[in-house]
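See structure below.
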């Protein structure tokens with residue numbers, strides 16, 4: 171892979187941060203051109219995002235194109251040797267629609283709800 175990938179993630183979400191830490195370690199160990207940016211430490215307007223929108227799911231920028239949700243995970247996994255098998259397994263005709271539905275309807279909303287609850291507690 172020669173093009174750079176930039177991952178936009180929610181650094182205030184402990185679950186998200188733990189997963190990103192594993193990806194970051196793998197990318198660094200392999201010298202992969204992948205950047206990891208906490209959504210709270212960047213200007214999201216250049217991607218047409220707000221912090222709340224960006225906190226709802228994972229985003230990846232590849233070749234100037236913004237990828238969201240499962241598509242973002244697929245771009246990231248394809249770029250990382252350790253996770254290519256996962257990209258291949260999920261990016262199948264019978265699997266991808268179901269995996270996308272699970273992510274968009276269950277996983278992402280649940281993580282975002284936990285994030286909002288955590289933020290409310292910290293603001294009290």
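Numbering (our numbering), first residue to last: 171 to 294.
From the three backbone atoms N, C-alpha and C, an ideal C-beta is built for every residue, glycine too.
Bear in mind that the values here come from a model prediction, so they are computed numbers and not experimental data.
Collapsing the DSSP output to three states places residue 202 in coil. By the Cβ rule, the segment 274-287 does not count as touching the segment 249-262, because fewer than three pairs are nearer than 8 Å. Inter-segment contact for the segment 210-219 and the segment 184-192 is absent: fewer than three beta-carbon pairs are separated by less than 8 Å.
Going by C-alpha positions, residue 174 is about 12 Å away from residue 248. In the displayed model, residue 207 falls within a strand according to three-state DSSP.
Within the same chain, 173 come within 6 Å of residue 233 by CB-CB distance, once the 5 residues on both sides are set aside. Residue burial annotation: residue 231 is buried, with at least 16 other C-beta atoms found within 10 angstroms of its C-beta.
Residue 185 sits away from residue 224, with the two beta carbons spaced by 8 Å or more.
Excluding sequence positions up to five before and after residue 207, its CB lies within less than 8 Å of the CB of 176, 177, 178 and 179, all in the same chain and listed in chain order.
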